[in-house]
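Structure record follows, encoded as structure tokens.
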Amino acid sequence: MHVHLGCTLLLVLLVNEVLCRTTSSILQSQLGAQGRSLVLVGGALSDNNAAVYNTIVQMAGGKGQARIGIVTSASLDPNTQYQGYSDVFINRYGAAATLHINVSIWDSSVAIDDHLANQVRNMTGFFFGGGDQSRTVQAMYLAGHKDSPVLSAIRDQFMAGAVIAGSSAGSACQPSSVMVTGGVSWDALKDGAQTSSKHTDDLTYNPDGGLGFLEGYVIDTHFANRGREGRMIRLLSDTYTLSRGTRRGVGIDENTALVVTHASTSNGRGQVLGEAGVTFFDLTSSYVDQSQRYFSIRNVYLTYLTHGDVYHLHDHDVTFAQDKTPLLGNENYDHALTSTDIFYGKSSSSSRKPEFLRVAASIFDARLDSSSYGTTYEKNPTFRVEMSKTGQSAVGYVKRAHDFHTDLHSYKNMYVSIHAA
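If you use mature numbering (1 follows the signal peptide of the UniProt record, and there is no 0), the sequence shown corresponds to residues -20 to -1, 1 to 401, in order.
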């Protein structure tokens, strides 16, 4: 009996040692090839999105080797969420194994479980599920914003080369900068950013930031689909002077990913992957007119990239995909469009561009107009959003498809100003 138990224990130790060596070898290879890396998805990730799932598995060591820890702390139904993602990763996309990292705001003992932390150290990648990003931050940190043992283990693996991936709240919780926690664009422009909400649609944020895996940017998701451009601009403008504030933001559309490699280095880059796009916000030259009754801001620059385009995170330059052509001289229309509901998004079943993207794309696809505008549907006040392709090296590219709404438009440095109409 004792001999049998001793042999079993020895076998377990040998298996763990082999697993640790394998994990270390995979991480060294990943770190050399892609540096510290993330795959940030804007939510509504389809099980059929092979481009995104295969990328995560590949960046975690490849089929048959990737071991992915799945974090479900944002979800109200963590077990179901874990089973769903585990099935997709293993049975559809070839991951070797998954681990349920079931840290929870309802059971603080999980985040300090040394056994779970040791299991985490055998993972080559991590995937954070959707829900509420505030729950993930609350569950992962101890008092005083100190890393829990589980978060510390995830951080060590990330630094060694493990990819960090997530969707919806699982992406929104990743920045070191302030973390957005709620709100809609019109209310954000009207009332500003707050650390706690009085009303459902208030713009709220966590001043302590997220988990700290991506530096220098606020991250938001379900982005153009829910017309969140206004809330991003107001959040950045209101919080950039804080210790964790920044003048730059990233808004990721649904079923679309920003694949980040060599994060926090001069070679840092983010490539867009998926069906829609990613918006990059630059408020480094912006200023707010304090003499106005309502929020008024000028000198905001937006870059919107679609599948295959690359944003260089260090110098903020752009490389457009080779299958796109310049719009200058190849425009399809005479005039740009306008909108009376500029922050209206889109339903998942519609191929129509969200209103903000519709107006923006039309400016770059117009022969005769260089600017346009949209107003908010909401009144008292009505905000007017003005956009222009003149100045600051603004340029547009496109991959033509069936029509205007299915064409993949991309643009760099579109000028934006907002004021009450």
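Just so it is clear, CB atoms sit at the ideal spot from N, CA and C, and this is done for glycine as well.
(request) Please report the residue range of the alpha helix (DSSP H) in which Y65 lies. (result) P58 to D67
(message) Taking DSSP's pairing of strands, which residues face G105 in a bridge?
(response) I48 and V143
(message) Output needed for M212: all residues of its chain with C-beta closer than 6 Å, excluding positions within five of it in sequence on either side, in chain order.
(response) D200, G229, G231 and F261
(message) Rounding to the nearest angstrom, what Cα-Cα distance links G254 and T35 in this structure?
(response) 11 Å
(message) If I measure Cβ to Cβ from T305 and keep anything under 7 Å in the same chain, skipping five residues before and after, which residues do I get?
(response) Y377 and V378
(message) Just verifying my parser: in three-state terms, what is the DSSP assignment at G376?
(response) strand
(request) Going by CA-CA distance only, name the one from G141, F106 and S84 that's closest to S114. (result) S84
(request) Just mark G309 as buried or exposed, buried being the case when its beta carbon has 16 or more other beta carbons within 10 Å. (result) exposed
(message) If we require 3 or more residues per run, which beta strand (DSSP E) segments fall completely within the stretch 191 to 259?
(response) 198 to 200, 228 to 232, 236 to 241 and 249 to 254
(request) Take every Cβ of the stretch 5 to 25, pair it with every Cβ of the stretch 116 to 123, and state whether three or more of those distances are shorter than 8 Å. (result) no
(message) Please state the DSSP three-state secondary structure of N393.
(response) strand
(request) Return the residue from the list H315, Y197, R273 and N205 that minimises the CA-CA distance to L293. (result) Y197
(message) From the DSSP secondary-structure annotation, give me the bridge partner or partners of L355.
(response) The amino acid occupying residue 355 in the given sequence is Thr; Leu does not appear at that position. BP columns for T355 point to R364.
(request) Pull up the DSSP beta-bridge partners for H399, would you. (result) R364
(request) May I have the straight-line CA-CA distance separating L(-10) from C(-1), to the nearest angstrom? (result) In this predicted model, L(-10) has a pLDDT of only 49, less than 50, meaning its place in the structure is not dependable enough to derive any value.
(message) Could you check whether A346 and A316 sit closer than 8 Å to each other, using their CB atoms as the reference points?
(response) yes
(request) Out of A152, L194, F203 and Q38, state which residue places its alpha-carbon closest to the alpha-carbon of Y185. (result) A152
(request) Report the option in D321, T221 and Y274 whose CA atom is closest to the CA atom of P361. (result) Y274
(request) Using the Cα positions of I322 and S271, report the straight-line distance between them to the nearest angstrom. (result) 25 Å
(request) Check whether the stretch 162 to 177 touches the stretch 138 to 149, counting contact only when three or more Cβ pairs, one atom from each stretch, lie closer than 8 Å. (result) no
(request) Just the C-alpha distance for L183 and V158, rounded to the nearest angstrom, thanks. (result) 13 Å
(request) Determine the direct distance from the alpha carbon of A140 to that of Y73, and round the result to whole angstroms. (result) 24 Å
(message) Considering Cα atoms alone, identify which of S329, E358, G210 and A341 is closest to L307.
(response) A341
(request) For the alpha helix (DSSP H) containing N34, list its first residue and its last residue. (result) A30 to M39
(message) Between the alpha carbons of residue 413 and L56, how many angstroms are there, rounded?
(response) This structure cannot settle anything about residue 413, because the visible part of the chain is limited to -20 through 401.
(message) So, with DSSP's three-state summary, where would you put L20?
(response) strand
(message) Within 10 Å of its beta-carbon, does I92 have 16 or more other beta-carbons around it, so buried, or fewer, so exposed?
(response) exposed
(message) Do T259 and A204 count as a contact pair if the criterion is CB distance below 8 Å?
(response) yes
(request) Could you spell out the range, first to last residue, of the alpha helix (DSSP H) harbouring N98? (result) D94 to V100
(request) Alpha carbon to alpha carbon, how far is T318 from F336? Give it in angstroms, no decimals. (result) 9 Å
(message) Quick check for students: name the residue ranges of the beta strand (DSSP E) that lie wholly in the stretch 116 to 195, counting only runs of 3 or more.
(response) 143 to 147, 159 to 162 and 183 to 186
(request) Report back the beta-carbon spacing between P129 and A77 to the nearest angstrom; my notes put them in contact at under 8 Å. (result) In fact, because the Cβ distance is near 21 Å, the residues do not count as touching under 8 Å.
(message) Helix, strand or coil for L337? Go by DSSP, reduced to three states.
(response) helix
(message) Assuming contact is defined by CB atoms lying nearer than 8 Å, are R208 and L263 in contact in what I supplied?
(response) no
(request) Report the residue from R206, S223 and Q137 whose alpha carbon sits nearest the alpha carbon of F193. (result) Q137
(request) Answer yes if the stretch 283 to 301 comes into contact with the stretch 51 to 68, meaning at least three C-beta pairs across the two stretches below 8 Å, and no otherwise. (result) no
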